[in-house]
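Enquirer: The structure follows.
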Amino acid sequence: MRWLMPEVPQEQAASLAAELGLHPLSARVLVHRGLRTPEAASAFLSDRLADLPDPFRMKGMVAAVERLFRAIREKERITLYGDYDVDGVCSTSLVCLFLRELGAKPATYIPHRLDEGYGLNLQAVEKIASDGTRVLVTLDCGVTSVAEISRAKELGLDVVVVDHHTVPPTLPPAVAVLNPHQPGCEYPTKHLCAAGVAFNLCMGLRKKLREDGWFATRKEPNLKALLDLVAMATVADVVPLTGANRILVHHGLQELSAGRRYGVRALKEVAGLEADSPVTAGQVGFRLGPRINAAGRLHDASLGLQLLCSESLDSARSLAQVLDRANAERQGIESSILTEALAQAQERAEHARGFVLYADGWHPGVIGIVASRVVERFHRPTVMIGVKDGVGKGSARSIEGFHLYDALSGCADLLARFGGHKHAAGLTVEAKHLPALRESFERIARQRLTPEDLIPRCKVDAVVGVNELDERAVEALQRLGPFGQGNPEPVLVLRHQVARPRVLPPKSGGAGHLKLALVDAPSVDAIGFGMADRLALTEGPVDLAFQAGFDTFRGQRRLSLKLKDLRVAA
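Be aware that the sequence shown starts at 1, since it is given in the UniProt record's numbering, and climbs by one per residue.
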């Protein structure tokens, strides 16, 4: 791993700290990340809901709001069509709950991943039309569905598209398309997830209803209460936690922590979290989100929708337990496929800068997760494809500097369909084209990636001394969160540390953990998960790259360093 060390003008950091009243270490991190003026730093640190952009800056918002307003007023049937992942399920739940508060009774439709595949399909559109629907709202899909939305229009449906995926050259003939990526859209945060776009739609619709006097005799919905759904989707969909996303997730984590929604409370219980315990973005990504995803990956994603819209704690608990069992099943399937995928990747690692891995029987519901694991291990863009009955369904994940959607566009002649964005994508391909797809994708990876691009990077935010690591400094760093894509948790470096090491066995299979007691900081714990094989490096002084936080044991809080890497001291 190559460490990218910071170059921070100390005077600039000191000036920023003084002007904004920041801890000096926080100021150094902000300056290192390019937020060098009080204005830029203040804008980044903003967490006020009042600082969210006007939803009507989003192209298509006026038309979308007008059509939904008319449907509500005239009691037309509205159907919400969502994707089967966390973002799609949360988006659908959010709009459904909001419309219910307005007095509407929307229908919902989540396609079955294995039977129907991603996005709108003609059969579903025709069924929805036959049920008397007049307005169809697509959530986390639809921007590429030209044929399906053309058919919906023929059948008398007005379609509102709520999506965030890459916009194609030809947009579908919808009444309105809400997608910050479309040309001419002035909404400043481009990388919203679908739930973020859906929340803006709810903001816009509430404003329209308020101006029209709708709430003179009705209770006005509290949109802040829906931010738990936005936070789950935003974190799970790995979009940058900057701009509007940072504000939405900041408040959404507070709602998740409070656990007022029955479905969230039950989900926290099965995930091993207290009902009213604080929830971090990491816990959303690794404990809550995967359980919502599990139903869509293996069974029926509408279970997640039912959970989040539950009207009693008993029904929510029953559904959460089903999702928890599905998640355990998913983990077992994932482990088996990962073993096979890593073996394939190892065979190709010497000459391939990008992987296309495939096999009969790989479950299409979990291969996206496995692709992420392969990327973590080999630091190469990876396409994973499961083949059944001559058709391959795949998920892809990328690394920094490699635009996945653009790369797949270069293979478009071999693909039945594909979609996605820079970091993640999905695709369908005939099995007979798989060798050619592998050759084409590897060629594009060779053209666009250098050998240096394949070396994992550890981006260091600040080099610190032991005397700088105290509770006040770490608490100040934590206030730079929520952390995730686009706003990673700060990485610090301690140099020339003498450590007393010991190896901790893993709770399950895999590598052991390296626990270090630092001679110069006896009150600080340091642990490198899965780093037992680095034990020999600690025979002399070492440099440590880590993220700083707190551990609580038997009621005692202690400063803890989670190692990202270590090396023999220079």
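Ideal Cβ placement from N, Cα and C applies to all residues, glycine included. Please read these numbers as outputs of a predicted model, since none were measured by experiment.
Once you ignore the five residues that flank G530 on each side, which residues in its own chain have a CB closer than 8 Å to its CB?
Expert: P506, G510, A511, G512, H513.
Enquirer: Which residues bound the alpha helix (DSSP H) around C96?
Expert: Taken as a continuous stretch (DSSP letters only), the alpha helix (DSSP H) holding C96 covers 86-101.
Enquirer: Helix, strand or coil: which one does DSSP assign to Y118?
Expert: Coil.
Enquirer: Grab me the residues of L494's own chain with a C-beta within less than 6 Å of its C-beta, minus the 5 sequence neighbours each way, in chain order.
Expert: Taken in chain order, the residues that qualify are L544.
Enquirer: Relative to the C-alpha of R443, which residue among S145, A40, F355 is closest?
Expert: Cα-wise, what sits closest to R443 is F355.
Enquirer: Please classify F418 as buried or exposed, where buried requires at least 16 other C-beta atoms within 10 Å of its C-beta.
Expert: Burial call: buried.
Enquirer: Using 8 Å as the Cβ pair cut-off and three pairs as the minimum, do the segment 51-64 and the segment 172-187 touch?
Expert: Touching, yes, given that three or more Cβ pairs across the two stretches are closer than 8 Å.
Enquirer: Go ahead and label I455 buried or exposed: buried means 16 or more other beta carbons lie within 10 angstroms of its beta carbon, across all protein chains shown.
Expert: Exposed, by the Cβ-count rule.
Enquirer: Could you give the uninterrupted runs of the beta strand (DSSP E) lying entirely in the segment 437-475, keeping only those of 3 residues or more?
Expert: Counting whole runs of 3 or more residues, the segment 437-475 contains the beta strand (DSSP E) stretches 457-459, 462-464.
Enquirer: For E19, collect the residues of the same chain with a Cβ closer than 8 Å to its Cβ; drop the 5 residues on either side in sequence, then sort them by chain order.
Expert: Result list for E19: P38, in chain order.
Enquirer: Report back the beta-carbon spacing between P240 and N487 to the nearest angstrom; my notes put them in contact at under 8 Å.
Expert: Indeed they touch by this definition, with Cβ atoms about 7 Å apart.
Enquirer: Hey, could you find the ends of the alpha helix (DSSP H) K268 is sitting in?
Expert: 262-270 is the extent of the alpha helix (DSSP H) around K268.
Enquirer: Enumerate, from N- to C-terminal direction, the unbroken beta strand (DSSP E) stretches of 3 or more residues contained entirely within the segment 259-338.
Expert: Listed in chain order, there is nothing to give.
Enquirer: The beta strand (DSSP E) spanning H32 covers which residue range?
Expert: Where H32 is concerned, there is no enclosing beta strand (DSSP E), although the alpha helix (DSSP H) it sits in stretches over 24-32.
Enquirer: Can you confirm whether the segment 122-138 touches the segment 368-384 when touching is taken to mean that 3 or more C-beta pairs between the two stretches lie within less than 8 Å?
Expert: Verdict: no, contact absent.
Enquirer: Would you call the segment 215-224 and the segment 82-91 in contact, with 3 or more CB pairs under 8 Å?
Expert: Touching, no, given that fewer than three Cβ pairs across the two stretches are closer than 8 Å.
Enquirer: Grab the span of the alpha helix (DSSP H) containing T234 for me, first residue to last.
Expert: First-last of the alpha helix (DSSP H) with T234: 227-236.
Enquirer: Determine contact between the segment 385-397 and the segment 411-426, defined as no fewer than three beta-carbon pairs at a distance below 8 Å.
Expert: Result yes; three or more Cβ-Cβ pairs closer than 8 Å.
Enquirer: Does F553 pass the burial test, meaning 16 or more other C-beta atoms within 10 Å, or should it be called exposed?
Expert: Label assigned to F553: exposed.
Enquirer: Would the beta-carbon of C202 fall within 8 Å of that of V95?
Expert: Against a cut-off of 8 Å, the Cβ pair of V95 and C202 comes out as a contact.
Enquirer: Any contact between the segment 241-259 and the segment 41-50? By contact I mean 3 or more CB pairs, one from each, below 8 Å.
Expert: They touch, by the three-pair rule.
Enquirer: State buried or exposed for M232, treating a residue as buried only when at least 16 other CB atoms are found within 10 Å of its CB.
Expert: So M232 ends up on the buried side.
Enquirer: If the criterion is Cβ atoms closer than 8 Å, does the pair L16 and V29 meet it?
Expert: It is not a contact, given that the beta carbons lie outside the stated cut-off.
Enquirer: Can the beta-carbon of L192 be found closer than 8 Å to that of H164?
Expert: For L192 and H164, yes; Cβs fall inside 8 Å.
Enquirer: Count the other CB atoms within 10 Å of the CB of E186; is the residue buried (16 or more) or exposed (fewer)?
Expert: The residue in question, E186, is exposed, as its Cβ has fewer than 16 Cβ neighbours within 10 Å.
Enquirer: Leaving out five residues on either side along the sequence, give the residues of the same chain with a beta carbon under 6 Å from the beta carbon of A236.
Expert: If we look at A236 and ignore the five residues flanking it on each side, its Cβ neighbours are V86, G289.
Enquirer: So what does H513 bridge to, in DSSP terms?
Expert: DSSP, once it has assigned bridges, lists L504 as partnering H513.
Enquirer: Does the segment 292-307 come within contact of the segment 268-284, defined as at least 3 CB pairs closer than 8 Å?
Expert: The segment 292-307, when compared against the segment 268-284, does not touch it at the 8 Å Cβ threshold.
Enquirer: State buried or exposed for G465, treating a residue as buried only when at least 16 other CB atoms are found within 10 Å of its CB.
Expert: Result: exposed.
Enquirer: So C141 and L155 are supposed to be a Cβ contact under 8 Å. How far apart are they, rounded?
Expert: Rounded, the Cβ-Cβ distance is 18 Å, inconsistent with contact.
Enquirer: Taking C-alpha atoms, which residue in V519, E347, L35 lies nearest to T242?
Expert: Nearest of V519, E347, L35 to T242, Cα basis: L35.
Enquirer: Just to check my reading of the structure: F483 and L449 have Cβ atoms closer than 8 Å, yes? What is that Cβ distance to the nearest angstrom?
Expert: Wrong, their Cβ atoms sit about 27 Å apart, outside the cutoff.
Enquirer: Determine whether the beta carbon atoms of A499 and T538 lie at a separation below 8 Å.
Expert: In this structure, T538 lies closer than 8 Å to A499 by Cβ.
Enquirer: Where S26 and E468 are concerned, what is the direct C-alpha to C-alpha distance, given to the nearest angstrom?
Expert: Looking at the two C-alpha atoms, the distance is approximately 12 Å.
Enquirer: Give every residue of the same chain whose Cβ lies closer than 8 Å to the Cβ of R67, excluding the five residues on either side of it in the sequence, and list them in chain order.
Expert: Cβ neighbours of R67 beyond the five flanking positions: V135, D158, V160, V175, A176.
Enquirer: From V387 to A345, what does the alpha carbon distance come to, in whole angstroms?
Expert: Cα to Cα, V387 sits roughly 17 Å from A345.
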